[in-house]
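Novice:
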Amino acid sequence: MNTPELLQKALNFEFLTQEEGVFLYKEASTAELMFVANELRKKQVPHGKVTWIIDRNVNTTNVCIANCKFCNFFRRPGHDESYITDIETYKVKIEETFRLGGEQLLLQGGHHPDLGLQFYSDLFKQLKELYPNLKLHSLGPPEIAHIAKLEGISHTEVLKSLIASGLDSLPGAGAEILNDRVRRLISKGKCGGQEWLDVMRAAHQLHLTTSATMMFGHIETIEERFEHLVWLRQVQSEKPEDAKGFLAFIPWPFQDDGTLLKKVRGITNQVTGDEYIRMIALSRIMLPNIKNIQASWLTVGKQVAQICLQAGANDFGSIMIEENVVSVAGAPHRFTSKGIQDAIKEVGFEPQLRTQQYEFRDLPEHIEQQVINY
Ligand code: SF4
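Note that this note's numbering has the sequence shown beginning at 20, numbered continuously upward.
(1) So M20 packs on E33, CB below 8 angstroms; how close in whole Å?
(2) With a cut-off of 8 angstroms, do at least 3 Cβ pairs link the segment 51-65 to the segment 158-177?
(3) Looking at the unbroken alpha helix (DSSP H) that takes in M298, where does it start and where does it end?
(4) Does DSSP put I391 in a helix, in a strand, or in coil?
(5) Any residues whose CB sits closer than 5 angstroms to a heavy atom of the ligand SF4? List them in chain order?
(6) In three-state terms, what does DSSP make of A262?
(7) Classify T278: buried if its beta carbon has 16 or more other beta carbons within 10 angstroms, exposed otherwise.
(8) Three or more C-beta pairs under 8 angstroms: does that hold for the segment 221-237 against the segment 245-254?
(9) Would you say R373 and T49 are within 8 angstroms of each other, going by their C-beta atoms?
(10) Among the residues of its own chain, which have a CB less than 6 angstroms from the CB of S140, if the five just before and after it don't count?
(11) In angstroms with no decimal places, state the Cα-to-Cα distance between P307 and E107.
(12) Are there three or more Cβ pairs, one per stretch, closer than 8 angstroms when the segment 129-147 is compared with the segment 79-90?
(13) Look at the alpha carbon of L30 and the alpha carbon of S173, and state the distance between them as a whole number of angstroms.
(14) Please determine, among G336, A47 and L52, the residue with the shortest C-alpha to C-alpha distance to I304.
(15) Expressed to the nearest angstrom, what Euclidean distance is found between the alpha-carbon atoms of D199 and M339?
(16) I'd like to know whether the C-beta atoms of P259 and M219 end up nearer to each other than 8 angstroms.
(17) Ordered along the chain, which non-local residues of its own chain (more than five positions away) have a Cβ less than 6 angstroms from that of K321?
(18) I106 by DSSP, collapsed to three states: which one?
(19) Under the rule that 16 or more other beta-carbon atoms within 10 Å means buried, what is H226, buried or exposed?
(20) Taking the alpha carbon of L169 as the point to measure from, which residue in T116, L158, V201 and L136 has its own alpha carbon closest?
(21) Is DSSP giving L52 helix, strand or coil here?
(22) Which term fits D217, buried or exposed, when burial requires 16 or more other beta carbons within 10 angstroms of its beta carbon?
(23) Quick one: complete beta strand (DSSP E) runs, 3+ long, within the segment 225-283?
(24) So, at 8 angstroms on beta carbons, what are the nonlocal neighbours of H156 in its own chain, with the 5 sequence-adjacent residues on each side left out?
(25) From G264, K45, Q63 and L119, pick the residue whose C-alpha is nearest to that of P383; which is it?
(26) DSSP three-state label for E33, please.
(27) Using the Cβ count rule (16 or more neighbours within 10 Å means buried), how would you classify F92?
(28) Looking at the strands, I want to know which residues DSSP matches up with Q123.
(29) Would G193 be called buried (16 or more neighbouring beta carbons within 10 Å of its own) or exposed?
(30) With distances taken Cα to Cα, identify the nearest neighbour of A330 among I103, C90 and D293.
(31) Measure the beta-carbon distance from I309 to Q255 and round it to whole angstroms, keeping in mind my assumption that it falls under 8 angstroms.
(32) On the criterion of 16 or more Cβ atoms from any shown chain inside 10 Å, does D99 qualify as buried, or is it exposed?
(33) Output needed for I241: all residues of its chain with C-beta closer than 8 angstroms, excluding positions within five of it in sequence on either side, in chain order.
(34) Please return the same chain residues whose Cβ sits closer than 7 angstroms to the Cβ of I326, not counting the five positions on each side in sequence.
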């Protein structure tokens, strides 16, 4: 095994093994990885534009029984600060989102012990009745697994019912690192790694589009990061030929502020800008069957995310009108629609507004330039 041979293999769009990925992580220079990833990006996304989206994270509830050690968003059932978002609040937030040019809600929440399929089906139906053009990019594999367990039915049955109620796409939330050694230590109450992958398999069989993520830089080994990438790639290669499967991969470093992982175990985010850029490049290299790689400006900041656009990333994600989970763990960055486009232009790319399906969208003419901090 040597670096030039592996980089050539990557340039030929061959699948690198977990060991080969780890070898490149350890041996290849950042410049080499960036060059190869950039070449792959040019072939896979030949329009050369950098896409972005306007959407809003809204939390259905902060009540959760999963107890993830990296999360300081959730509250236990019965806690004074616990809530379930009511319809009036959704209306205000959706109408603000439309005024800011968005058309989608990223709806996520905790594992509420009493909210089952009926609750989410009714919610989705009600939102779609009120706002037929609204897109729902909502929940995630751990929530689907939680609902399936509460109801005693399969992932497929849960997904079918949610799709019929208005679910448009399934975010890749809650993947963290898929290896169960890591999950037992940081997110024991969530579904295991193989169940996460099974939910995605079921979604792809139903032609529901999804995304994939990785939260890294905490207690995982480098081998476990690359195993995670290989597992995602495997699930993508099993999707029906006419399904899109994972539309994108979004890696981000663990945000440590106020989390139990930091307070109790002293584990802090050690991911440098250089390491993040290398992981973006290696994601492009390891995942030749996932077209879009997103740089997480929210967690790494504008400058590092801009360099990622030369390292295989082709998407800048959302302006995130509202975000309440990684923000409370220390992700301080904010963009307006103008700011995100300027950031893309500054490094020589043309910004392109997109939908969740990665289709191009015209920028609405009159949109407010504002970021809402809750
Ligand atoms: S990350 Fe999600 S599942 Fe884990 S404790 Fe927080 S809200 Fe619950």
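All C-beta atoms, glycine included, are put in the ideal place defined by N, C-alpha and C.
Specialist: On the basis of the supplied data:
(1) In the sequence shown, residue 20 corresponds to position 1, counting from 1. In the sequence shown, residue 33 corresponds to position 14, counting from 1. At roughly 14 angstroms, the Cβ-Cβ gap does not stay under 8 angstroms, so M20 and E33 are not in contact.
(2) no
(3) Residue numbering aside, residue 298 sits at position 279 when the sequence shown is read from its first letter. G292 to M305 is the span of the alpha helix (DSSP H), which, as asked, contains M298.
(4) To locate residue 391, count along the sequence shown from 1; it is residue 372. Confidence at I391 is low in this model, with a pLDDT of 47, below 50, so the placement of that residue should be treated as unreliable; the coordinate-derived value is given next. I391 falls in the coil class under three-state DSSP.
(5) C83, A85, C87, C90, F93 and G129
(6) Start at 1 with the first residue of the sequence shown, and residue 262 comes out as number 243. DSSP places A262 in coil when its eight states are reduced to three.
(7) Sequence index remark: in the sequence shown, residue 278 carries index 259 (1-based). The residue in question, T278, is buried, as its Cβ has 16 or more Cβ neighbours within 10 Å.
(8) yes
(9) Locating residue 373 in the sequence shown gives position 354, where the first residue counts as 1. Locating residue 49 in the sequence shown gives position 30, where the first residue counts as 1. Cβ distance not < 8 angstroms, so R373 and T49 don't count as in contact.
(10) Position 121 of the sequence shown, counting from 1, holds the residue named residue 140. For S140, same chain residues with a beta-carbon under 6 angstroms away, outside a window of 5 residues either side, are S180 and S184 in chain order.
(11) To locate residue 307, count along the sequence shown from 1; it is residue 288. To locate residue 107, count along the sequence shown from 1; it is residue 88. Cα to Cα, P307 sits roughly 43 angstroms from E107.
(12) yes
(13) Mapped onto the sequence shown, residue 30 falls at position 11. Mapped onto the sequence shown, residue 173 falls at position 154. Cα to Cα, the separation comes out at about 40 angstroms.
(14) Here residue 304 corresponds to residue number 285 of the sequence shown, with the count starting at 1. Looking at the Cα atoms, L52 is the closest of the given residues.
(15) The residue given as residue 199 occupies position 180 in the sequence shown. The residue given as residue 339 occupies position 320 in the sequence shown. Whole-angstrom Cα-Cα distance: 30 angstroms.
(16) On the sequence shown, residue 259 is found 240 positions in, with the first residue counted as 1. On the sequence shown, residue 219 is found 200 positions in, with the first residue counted as 1. Contact annotation: P259 and M219 have beta-carbon atoms that are not nearer than 8 angstroms.
(17) The residue you call residue 321 lines up with position 302 of the sequence shown. Contacts found: A362.
(18) On the sequence shown, position 87 is the one that residue 106 refers to. Looking at I106 - three-state DSSP - the assignment turns out to be helix.
(19) Here residue 226 refers to the residue found at position 207 when the sequence shown is read from its first residue. Residue burial is scored here from C-beta neighbours: H226 has fewer than 16 other C-beta atoms within 10 angstroms and is therefore classed as exposed.
(20) Here residue 169 is taken as the residue at index 150 of the sequence shown, counted from 1. When only C-alpha atoms are compared, the closest one is L136.
(21) The count along the sequence shown starts at 1 and reaches residue 52 at position 33. Looking at L52 - three-state DSSP - the assignment turns out to be helix.
(22) Within the sequence shown, residue 217 is the residue found at index 198, counting from 1. By the 10 Å Cβ count, D217 comes out buried.
(23) 228-235 and 265-272
(24) As a working note, residue 156 is residue 137 in the sequence shown. For H156, where only same-chain residues beyond five positions count, the Cβ hits under 8 angstroms are D74, Q123, L124, L125, L126, D187, S188, L189, P190 and Q375.
(25) As a position in the sequence shown, residue 383 is number 364, starting the count at 1. For P383, the nearest C-alpha among the options comes from L119.
(26) Taking the sequence shown and counting its residues from 1, the one referred to as residue 33 is at position 14. E33: coil per DSSP, three-state reduction.
(27) Numbered from its first residue, the sequence shown carries residue 92 at position 73. Looking at its Cβ environment, which holds 16 or more other Cβ atoms inside 10 Å, F92 is buried.
(28) On the sequence shown, position 104 is the one that residue 123 refers to. DSSP output for Q123 lists D74 and K154 as bridge partner(s).
(29) The residue given as residue 193 occupies position 174 in the sequence shown. By the 10 Å Cβ count, G193 comes out buried.
(30) Along the sequence shown, one-based indexing puts residue 330 at 311. Closest by alpha carbon: D293.
(31) Counting from one through the sequence shown, the residue named residue 309 turns up at place 290. Counting from one through the sequence shown, the residue named residue 255 turns up at place 236. At roughly 6 angstroms, the Cβ-Cβ gap stays under 8 angstroms, so I309 and Q255 are in contact.
(32) Along the sequence shown, one-based indexing puts residue 99 at 80. Label assigned to D99: exposed.
(33) Here residue 241 refers to the residue found at position 222 of the sequence shown. Contacts found: V41, Y44 and K45.
(34) One-based indexing of the sequence shown puts residue 326 at position 307. Cβ within range, chain order: I296.
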